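The sequence shown begins at 1 in the working numbering and counts up by one. Where is the CB? At the ideal position from N, CA and C, for every residue including glycine. Please read these numbers as outputs of a predicted model, since none were measured by experiment.
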Amino acid sequence: MPDLISLIGVLGLLEMRTVPDQDPAGEYADNQEAMEKLQSLVPLASDNTTESYDKKAQLATLYLKTGSFDQAVPLLRDTLDGRRRLLGSDHAAIIQTEELLACALYAQGETVDALKEFQAACAIRTRTPGTEDGWTVQNMFNTGIVTWHIGEHQEACDIMSKTYKMSERIHGPHHPSTLSAMENSSFMYHFVERSWEAQKVQQKVVNVRLNDLPHDGGTILKSAILLGKICMDKEWWENCEKTYSLIVELRTNLEGSDSPATLASKANLATAVQKQGRLDEGEKICLEISDVARTEFGPESPVALRCKLRLATILSDKGEHIPALAIQREVLQIQEQALGSSHEDTCCTLCHLSETLVELEQYDEAVTALKRLVSALEQRLGVCDPEALSASLDLSMLLARIDLIDEAEDIVVNVISGREAAEDSELLFKLRKAVNVLLQHGRTAPFNKFYLGL
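Structure (structure tokens):
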């Protein structure tokens, strides 16, 4: 899900919450003055006293704030050891120090060690009565984030779900901590294919933000973008239309009606309308976008080309394949010159072009287009990438359709022999379909030993 992953930075997801052990800024004019003062005091604080370790923790907090993680880590380790000796292993200060150390380790890329510190702090909290509080919520949140980043996505998903439910109990459903945990939970749900739960949670976030922060368009927009992505990916077109109508309204107010982002959201709205069978309405939206994009950004700008391709798709759905084909040829020529033959946008156009050619029964040219697509995808992604293999299977089924059975069979045998298809459910489904096509042509021998294992 590369396009989903790209939203992480845009929406501010999967970011840790770093809360200091004690914030020294209130004692001094600013962080710089605080750091200079504490740096002068810490070398003198060599005695094993609570005050000594408090100063070290404060200085470490400032190092964290300023990005000096390598200086924060040794101070926090020393503070943690000292506080354990003085205060015992279950003291609140121990928990906070462990969590602060975990944040510093995480910032340095030491994810596994960071998770151990969070888990150690969490273990203390859970065995201490009455610890379902804001600190526990923060610990669970950060534990979920770190667990996610070490690749334990299902476990992270469960942790984040528990986090937002606890935050709801403690802070209420409208609290920023609750909404942040819900948003991260929604992203994780969608990533692990629990999209119904993702949509349900994210819709709640959007509704709360609309009710509580009606004038904070930027915050609402970020939440709506994730909701729109979930609905678009799962082809829930009615919800998709509602969400992108909101996104278009928000972006128009924030960025203007002619900004590239607003036009892209309008194109997504056109898709949602089109997929519900309202083709004339979708075509009207696309024509409006195309006119603006051509005027504002030029006829060969990326936003103008994407609008043209969306219009071509709608025309194809209306059965107007010849004008759709003309648009696709024009866009493909521009993209190949400007972006190259293996660019993602060029490949997408080649795919749609081949589909239109098949509809027009121009099979030879459709085969050529699909071969170019397979070659481009293999060059960009590798021969074993699911997207490249999927295009190869499309080519195989088209070749079988025009009775080029030997060539079709060779492609399917190559896909099976690699066995990469077994790891991808959508690709496996298409592989079964391609094998069935060849079985119908009497090609049983090459597939008898593979088919039952697919």
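Here the alpha carbons of Leu59 and Leu377 stand approximately 52 Å from one another.
Cβ contact annotation for Gly217 (same chain, cutoff 7 Å, sequence separation greater than five): Leu250, Asn253, Leu254, in chain order. Remark: C-beta atoms of Glu355 and His321 do not approach each other more closely than 7 Å. Between Leu287 and Asp317 the beta-carbon gap is near 15 Å, outside 8 Å, which marks them as no contact. Val137 places its beta carbon 7 Å or farther from that of Thr111.
Only residues of its own chain outside the window of five on either side were considered, and among them Ala198, Val201, Gln202 have a CB closer than 6 Å to the CB of Ser186, listed in chain order. The DSSP assignment places 302–317 as complete runs of the alpha helix (DSSP H) inside the stretch 280–318, in order along the chain (cut-off: 4 residues). Around the CB of Glu409, 16 or more other CB atoms lie within 10 Å, so the residue is classed as buried.
Scanning Lys116, Glu281, Asp90 for the CA closest to the CA of Thr126 turns up Asp90. Note that the C-beta distance between Cys157 and Val192 is below 7 Å. Beta-carbon to beta-carbon, Leu80 and Glu99 are separated by about 10 Å, too far to satisfy the 8 Å threshold. Close CB contacts of Ala272 within its chain, under the 7 Å cut and outside five residues either way in sequence, are with Trp237, Cys240, Glu241, Tyr244 (chain order). If you look at Ile334, you'll find it in the alpha helix (DSSP H) that goes 321–338.
Excluding the 5 residues flanking it on each side, Leu246 has same chain C-beta neighbours closer than 6 Å at Ala224, in chain order. In this structure, Val205 and Met182 form a Cβ contact; the two beta carbons are roughly 5 Å apart against a cut-off of 8 Å. In terms of Cβ geometry, Lys165 and Ser195 do not form a close pair [threshold 7 Å]. By the neighbour-count criterion, in which a residue is buried when 16 or more other Cβ atoms sit within 10 angstroms of its Cβ, Cys384 is exposed. Under the 10 Å beta carbon count, Lys222 is surrounded by 16 or more other beta carbons and is classified as buried. Per the coordinates, the alpha-carbon of Gln71 lies some 7 Å from the alpha-carbon of Tyr63. In this structure, the beta-carbon distance from Leu373 to Leu350 falls below 7 Å. Leaving aside the five residues that flank Leu105 on each side, the residues in its chain whose CB is nearer than 6 Å to its CB run, in chain order, Asp113, Ala114. Going by DSSP, Asn253 is part of the alpha helix (DSSP H) stretching over 237–255. Leaving aside the five residues that flank Ser392 on each side, the residues in its chain whose CB is nearer than 8 Å to its CB run, in chain order, Val374, Ile411, Asn414, Val415. Nearest to Cys307 by alpha-carbon distance, out of Arg401, Glu426, Trp135, Thr262, is Thr262. Closest option to Leu427, judged by alpha-carbon separation, among Leu389, Ala338, Arg401: Leu389.
For Gly382, the closest alpha carbon among the candidates Leu370, Ser342, Asp394 is that of Ser342. DSSP places Asn207 in the helix class (H, G or I) of the three-state scheme. Of all alpha-carbon atoms in Phe69, Ala57, Gly67, the one lying nearest the alpha-carbon of Asp78 is that of Ala57. Leu101 places its beta carbon less than 7 Å from that of Leu76. Counting every other CB atom within 10 Å of its CB across the protein chains shown gives Ala326 a total below 16, marking it as exposed. Between the C-alpha atoms of Leu226 and Val437 there is a straight-line separation of about 39 Å. Counting only the Cα atoms, Gln108 lies some 46 Å from Pro299. Here DSSP, grouped into helix, strand and coil, assigns Ser180 to helix. The beta carbons of Ala312 and Ala324 sit closer together than 7 Å.
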